[in-house]
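Scroll down for the structure; my scribbles are underneath it.
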Amino acid sequence: MVKLNRIYTRTGDEGSTGLGDGRRVSKDDARVEAYGAVDEANAALGVVVMAARAGPSGDQGGVPGDGITRERIAAVVAECQNDLFDVGADLCVPPESGRLSDEPPGARLRVTAAQWARLEGVIDQFNARLSPLSSFVLPGGTALAAALHVARTVVRRAERRTVTLVAIEPGATNPEAVRYLNRLSDLLFVLARAANDYGRADVLWVPGKSRSGQGGAGGSGEVGGTGGAGGTGGTDGAAR
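Just so you know, this note's numbering puts the end of the sequence shown at 246, numbered straight through with nothing missing.
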């Protein structure tokens, strides 16, 4: 059981912090950067949960006329928040020997393949209802979709920080944590489209629109897609 009796300790006033194993490192250490970015991602997911529960109005962040979808999104994302604490706990405790392969099974809380595999199942469920895409998607549409896109990009940053840690400390970082973050960003993209009336309210990228006379500043993008491949397919504009 975690017990937090004091909020301030003054031990970090000189720029150091304690890892989960008690070792002191600089606050800009690669490991701290990684689990700190995961903490940021978790905060972004909290905003998503509140937006999903705010109401059916597009201004409030809901899915038009689909309260079941909003509640499902809130439940899925809330579960991912708990997972992200697992990711942070994993990253903040390096293996004693410096290599995870030497660590006895169950010795520490580590992210497992089952956690990101669960996300794949949820992705498939939502993706089956999405309309096909004919272009990349601009973040927006409903307030809930916009919040999901913000969360997606923050998760991508956490993934990049964790990949950096893997490069700096090879063998000392759980690869399942990286896989989980990668899959979570995919899930958030799919949920953002679901929040836009399952893709029908998506705002699509129009290449060169402002320079070709197709629209001026402040004009709205094309909404919805009618062709092309469905699914996520790299449409989140980031490395997969």
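Glycine is no exception: its CB is placed at the ideal position from the N, C-alpha and C atoms.
At a Cβ-Cβ threshold of 8 Å, Ala183 and Thr168 count as neighbours.
The beta carbon of Trp211 sits closer than 8 Å to those of Ser141, Phe142, Val143, Leu144 and Gly227, all from its chain and outside the five residues before and after it, given in chain order.
Between the region 41-48 and the region 75-82 there are fewer than three C-beta pairs closer than 8 Å, too few to call the two in contact.
Excluding residues up to 5 positions away in sequence, Leu25, Gly26 and Tyr41 lie with their Cβ nearer than 6 Å to the Cβ of Cys98 in the same chain. Counting only residues of its own chain and dropping the five nearest sequence neighbours on each side, Ser32 has a CB closer than 7 Å to the CB of Gly21 and Ser22.
Per DSSP, Arg12 lies in no alpha helix (DSSP H) and is assigned neither H nor E. Boundaries of the alpha helix (DSSP H) harbouring Arg189: Pro181 to Ala201, taken from the DSSP string. Counting only runs that start and end inside the region 85-170, the alpha helix (DSSP H) elements of at least 4 residues fall at 119-133. Counting C-beta atoms within 10 angstroms of its own C-beta, Asp208 has 16 or more neighbours from the protein chains shown and is therefore classed as buried. Rounded to whole angstroms, Gln87 and Leu197 show a C-alpha spacing of 15 Å.
Apart from the 5 residues on each side of it in sequence, Trp122 sits with its Cβ closer than 6 Å to the Cβ of Arg185, Tyr186 and Arg189 in its chain, given in chain order. In this structure, the straight-line span from the alpha carbon of Ile74 to that of Glu165 is close to 30 Å. Taking all protein chains shown into account, Pro111 has fewer than 16 neighbouring C-beta atoms within 10 Å of its C-beta and is therefore exposed. For Gly24, the enclosing beta strand (DSSP E) stretches over residues Ser22 to Gly24. Secondary structure note for Arg30: its beta strand (DSSP E) is the uninterrupted segment Arg30 to Ser32. Straight across, the Cα-Cα distance linking His155 with Ala201 is about 11 Å.
In this model, Gly214 and Phe195 are separated by some 24 Å (Cα to Cα). Residue state for Val53 is assigned as helix, using DSSP reduced to three classes.
Around the beta carbon of Ile174, a 10 Å sphere encloses fewer than 16 other beta carbons of the protein chains shown; the residue is thus reported as exposed.
About 7 Å separates the Cβ atoms of Pro100 and Arg37, confirming a contact at the 8 Å cut-off. Selection Asn11, Ala58, Arg12 and Arg163 evaluated against Ala152 yields Ala58 as nearest (Cα-Cα). Here the alpha carbons of Arg114 and Thr179 stand approximately 12 Å from one another. Val44 is bridged by DSSP to nothing; it lacks a bridge partner. Residues of the same chain with a CB within less than 7 Å of the CB of Leu125, apart from the 5 flanking positions on each side, are Arg189, Leu190 and Leu193 in chain order. Look at Val212 here: in three-state DSSP terms it is coil, with no helix or strand label.
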